[in-house]
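Read the structure below first, then the notes.
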Amino acid sequence: MADSLSFLGRAEIVARLSDMLGPDAVDTNEQSLREASVDRFKKYSAVHGIFDGPFPCAIVYPRDTEEVSAVLRFANDNLVAIVPRTGRTATEGGLETVVADSIVLDGSRMDRVLKIDTQDMMLTVQCGVPLQRVEDEVRALGYTTGHSPQSKPLAQYGGLVATRSIGQFSTLYGAIEDMVVGLEAVLADGTITRIKNVPRRAAGPDIRHLVIGNEGAFAFVTEVTVKLWPYQPENNRYFGFLTEDFGTGVDALRELVVQGYRPSVARVYSPEDARQHFAHFHDGRNVVILVAEGPRRLADATAEAIEEVFSDRQHVRVEDSLVQQWFDNLNWGQDKIDREKADMLAHSHLGYTTEVSVDWSRVVELYESVMLRVRAEFAHADDLTMLGAHSSHSYQTGTNLYFVYDYTIGCDPRDEITQYHEPLNAIVVEEALRLGGSMVHHHGIGKYRTPWTAEEHGSALELLVRVKKALDPHGIMNPGTIFPLER
Ligand SMILES: Cc1cc2nc3c(=O)[nH]c(=O)nc-3n(C[C@H](O)[C@H](O)[C@H](O)COP(=O)(O)OP(=O)(O)OC[C@H]3O[C@@H](n4cnc5c(N)ncnc54)[C@H](O)[C@@H]3O)c2cc1C
Numbered sequence: 052m053a054d055s056l057s058f059l060g061r062a063e064i065v066a067r068l069s070d071m072l073g074p075d076a077v078d079t080n081e082q083s084l085r086e087a088s089v090d091r092f093k094k095y096s097a098v099h100g101i102f103d104g105p106f107p108c109a110i111v112y113p114r115d116t117e118e119v120s121a122v123l124r125f126a127n128d129n130l131v132a133i134v135p136r137t138g139r140t141a142t143e144g145g146l147e148t149v150v151a152d153s154i155v156l157d158g159s160r161m162d163r164v165l166k167i168d169t170q171d172m173m174l175t176v177q178c179g180v181p182l183q184r185v186e187d188e189v190r191a192l193g194y195t196t197g198h199s200p201q202s203k204p205l206a207q208y209g210g211l212v213a214t215r216s217i218g219q220f221s222t223l224y225g226a227i228e229d230m231v232v233g234l235e236a237v238l239a240d241g242t243i244t245r246i247k248n249v250p251r252r253a254a255g256p257d258i259r260h261l262v263i264g265n266e267g268a269f270a271f272v273t274e275v276t277v278k279l280w281p282y283q284p285e286n287n288r289y290f291g292f293l294t295e296d297f298g299t300g301v302d303a304l305r306e307l308v309v310q311g312y313r314p315s316v317a318r319v320y321s322p323e324d325a326r327q328h329f330a331h332f333h334d335g336r337n338v339v340i341l342v343a344e345g346p347r348r349l350a351d352a353t354a355e356a357i358e359e360v361f362s363d364r365q366h367v368r369v370e371d372s373l374v375q376q377w378f379d380n381l382n383w384g385q386d387k388i389d390r391e392k393a394d395m396l397a398h399s400h401l402g403y404t405t406e407v408s409v410d411w412s413r414v415v416e417l418y419e420s421v422m423l424r425v426r427a428e429f430a431h432a433d434d435l436t437m438l439g440a441h442s443s444h445s446y447q448t449g450t451n452l453y454f455v456y457d458y459t460i461g462c463d464p465r466d467e468i469t470q471y472h473e474p475l476n477a478i479v480v481e482e483a484l485r486l487g488g489s490m491v492h493h494h495g496i497g498k499y500r501t502p503w504t505a506e507e508h509g510s511a512l513e514l515l516v517r518v519k520k521a522l523d524p525h526g527i528m529n530p531g532t533i534f535p536l537e538r
């Protein structure tokens, strides 16, 4: 938490914003401001109506890039902190307004699909376009973006790019950084910058990566161009296997991916995690889920390789249709968020996740060490109703582990973060770093993993610090995100 950076008072900031954008683009409703001060990291205290501030002075809704530029120029000149947002599904505190009188810069009204180009296989959208809406639109034309995070119904392109998001079909289509062709962004001082769309270039370092994953701490993303692929669901082949141990499943994924096969979905669930996803068939074992996708001959070849890899590993095969059905209810729209809120209030119970990545050789060690440490060290271990993990995104050199923990809360809602979420999160992060992995695979650092940013990057931290200083010299962009809050 920090005092306002600005010499302007709250009322004056609001007045200047209203002059700039018009009053209907500036929300100062007290409840909206309270809710805008947190994200899903504080979902439990929020559902109890507990908001400790600091609160933003306004939420502003620019209609185009020039308005984004005007707001940022004003904020930069007057040292007003900015918190960018779009779909509001952030889970790591990236939307928390930790500096008093911040401006929440909300791109969700910039929601136009600008171009669908099926010759050059590109789609251009403004930052506020929800992924589900545009995916439905291109599927109707026979194409797909290939991007399918669980938050697809709600997440929008600005946030998807800013967090380095990843979806369920990542082994085939990649993560957002593999999809972005070019983009437009606005820097802290209002400068508009456009990285043009080309198939590849060797004109210096890849500057897209200064913006992708910046979590609103370097620049505001206004427009994005991503790749398109043909959509051929009729060729999809679904597979499910039960294995006695987690390592067998991980090893099977490794063999497939390392050989060069690209099943779009490649997942292994520990028995605890499998119980909540596949209650009807997991049978107390680890569950492996695979999907072969793409042109018919490629999908068939991938399917053949999947069967071959399992032919010499002990397993029980699951009915394909059970796996296919699982996808139908996987994503989270507002209905599930609302149900979760009602459940949290009724049962003082919730679930969180921490996702990390690690080389193939350390995956099982990471899984086991986290399970052991949580059981041995976590003061509220008896309140855990579930602790497990799955691997859901695999690469040539390793995979991610997504630790999932549910608990019943036995303390004041205000203390849930410090007594439950933070200690569990810390164990996962510490173990990933100890084993040479990354402390964050796809949710971003937000504000709660900043204590480990220096350890994550080691001597490369200097590069990141200098980029931040060059792009945001006054430190107005999402203070406390990626880097610990400077007071
Ligand atoms: C139920 C659920 C399931 C999820 N599943 C996945 C998943 O499968 N894969 C995955 O990767 N993530 C997942 N997430 C996390 C989240 O959905 C992603 O991080 C998503 O990319 C955030 O997009 P958003 O539009 O909601 O961004 P927001 O929540 O609005 O913002 C997220 C971050 O990006 C910054 N930001 C937002 N817009 C901009 C912009 N225009 N310019 C610059 N910075 C900006 C914000 O400041 C913040 O730091 C899930 C979240 C939930 C709640």
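Numbered according to this note's numbering, the sequence shown spans residues 52 to 538. We treat Cβ as the ideally placed atom computed from N, Cα and C, and that holds for glycine. Quantities reported herein were computed from a predicted structural model and do not represent experimental measurements.
- Counting along the chain, Gln376 sits inside no beta strand (DSSP E); it lies in the alpha helix (DSSP H) bounded by residues 371-379.
- With 16 or more other Cβ atoms from the protein chains shown falling within 10 Å of its own Cβ, Pro530 counts as buried.
- The closest CA to that of Ile527, considering only Arg163, Glu482, Ser153, Gly461, is found on Ser153.
- A straight line joining the alpha-carbon of Arg252 with that of Ala303 spans about 35 Å.
- Within its own chain, the residues whose Cβ lies closer than 6 Å to the Cβ of Pro135, once the five positions on either side in sequence are excluded, are Leu156, Gly267, Phe271, listed in chain order.
- In this structure, DSSP gives Gly233 an extended state, which the three-state scheme calls strand.
- As DSSP reads the structure, Ala343 sits in a beta bridge with Arg288.
- Less than 8 Å divides the Cβ of Gln207 from the Cβ of Gly179.
- Contact between Val480 and Thr405 holds, since their C-beta atoms are separated by about 7 Å, short of 8 Å.
- About 6 Å separates the CB atoms of Val231 and Val212; that is less than 8 Å, so the two are in contact.
- The Cβ-Cβ distance between Leu396 and Val98 falls below 8 Å.
- Looking at the DSSP output, Lys278 shares a beta bridge with Met173.
- Counting along the chain, Ser420 sits inside the alpha helix (DSSP H) bounded by residues 414-428.
- Under DSSP, Val111 shares a beta bridge with Val77, Leu156.
- The distance from the Cβ of Gln183 to that of Arg163 is about 16 Å, inconsistent with a contact at the 8 Å cut-off.
- Listed in chain order, the non-local C-beta contacts of Glu118 below 8 Å within the same chain comprise Met71, Leu72, Ala76, local neighbours out to five positions each way being set aside.
- Assignment of beta-bridge partners to Glu406 by DSSP yields Tyr453.
- Taken in chain order, the complete alpha helix (DSSP H) segments of 4 residues or longer contained in the region 490-529 are 504-508, 512-522.
- Counted as a single uninterrupted DSSP element, the beta strand (DSSP E) harbouring His441 occupies residues 435-442.
- Within 7 Å of the C-beta of Arg136 there is at least one heavy atom belonging to ligand 1.
- Here Lys93 carries a helix assignment [DSSP, helix/strand/coil].
- Annotation for Phe290: Leu341, Ile357 place their beta carbon closer than 6 Å to its own, counting only its chain and skipping 5 residues before and after.
- Lys278 is classed as buried because its beta carbon has at least 16 other beta carbons within 10 Å across all chains shown.
- Comparing alpha-carbon positions, the option among Lys387, Ala87, Phe269 lying closest to Thr244 turns out to be Phe269.
- Shown here for Gly495: same chain residues with a beta carbon closer than 6 Å to its own, the five before and five after excluded, namely Glu143, Gly145, Thr214, Glu266 in chain order.
- Of all alpha-carbon atoms in Ala236, Gly233, Lys203, Leu234, the one lying nearest the alpha-carbon of Phe220 is that of Lys203.
- Going by C-alpha positions, His333 is about 43 Å away from Ala511.
- For the set Cys108, Glu355, Phe292, Thr276, the Cα lying nearest the Cα of Asp371 is the one of Phe292.
- Straight through space, the alpha carbons of Phe534 and Trp503 are spaced by roughly 9 Å.
- When Ala430, Thr169, His493 are compared, the shortest CA-CA separation from Thr469 is found for Ala430.
- Runs of the beta strand (DSSP E) spanning 3 or more residues and lying entirely within the region 287-338 occur at 288-294, 316-320, in chain order.
- Per DSSP, Asp168 is one residue of the beta strand (DSSP E) stretching across 164-168.
- Per the C-alpha coordinates, the member of Asp90, Pro181, Pro107 positioned closest to Val275 is Pro181.
- Selection Thr436, Asp433, Phe454 evaluated against Ser443 yields Phe454 as nearest (Cα-Cα).
- In the three-state scheme derived from DSSP, where H, G and I count as helix and E and B as strand, Phe125 is classed as helix.
- Residue state for Ile478 is assigned as helix, using DSSP reduced to three classes.
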